[in-house]
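Chemist: My structure is below; once you've seen it, I'll send some questions.
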Amino acid sequence: MLFDLKTPLLGFESIRQMELQKIDDIFMRLKTPDADQPSFTLINPFVLRDYSFEIPTALQKAMEISDGSNLLIYNIIVIQTPIENSVVNFIAPLVFNTDNHTMAQVILDSSGEYGIAEPIAAFLKAKQDA
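Residues 0 to 129, numbered by numbering that gives the first Met the number 0, are exactly what the sequence shown covers, in order.
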């Protein structure tokens, strides 16, 4: 699915469109239509932890988000071997409105409960202990 960016991705301000491809029920790949640009592996944050944040009003308007909108929320993950060494960026979630194929990156307060490079091992251990 091709999405129009309503705000630029940090560090990739020239990119205007991204393609979202399903890998499985947990992971997605985000890439540009231009093969020369980087691609990102995304993870569904809800399989790891309780996760919630407010989408800023201006962004809701730009993406035409309403109460009935079909949204996907994903976070960038840096995959390492073994997988337990991978880290997730919870501070800059990606929001996808599948109704109108728009997307944006939301930047959360860095002093809050989410981090920029949280090790996935902590969440895997918490799931095992539960």
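Even for Gly, the Cβ is constructed at its ideal location relative to N, Cα and C.
Remember, predicted model here, so these are calculated numbers, not experimental data.
Which class does E83 belong to by DSSP, given the choice of helix, strand or coil?
Modeler: helix
Chemist: Any idea which residues DSSP pairs L70 with across the strands?
Modeler: N96
Chemist: Check the Cβ-Cβ distances between S85 and every residue of chain C, and say whether any is below 9 Å.
Modeler: Although the question refers to chain C, the structure presented lacks it and comprises just one protein chain.
Chemist: Taking the alpha helix (DSSP H) that T31 falls in, what are its first and last residues?
Modeler: Looking at the DSSP string, T31 is not in any alpha helix (DSSP H), and its letter there is neither H nor E.
Chemist: Put V46 into one of helix, strand or coil per three-state DSSP.
Modeler: helix
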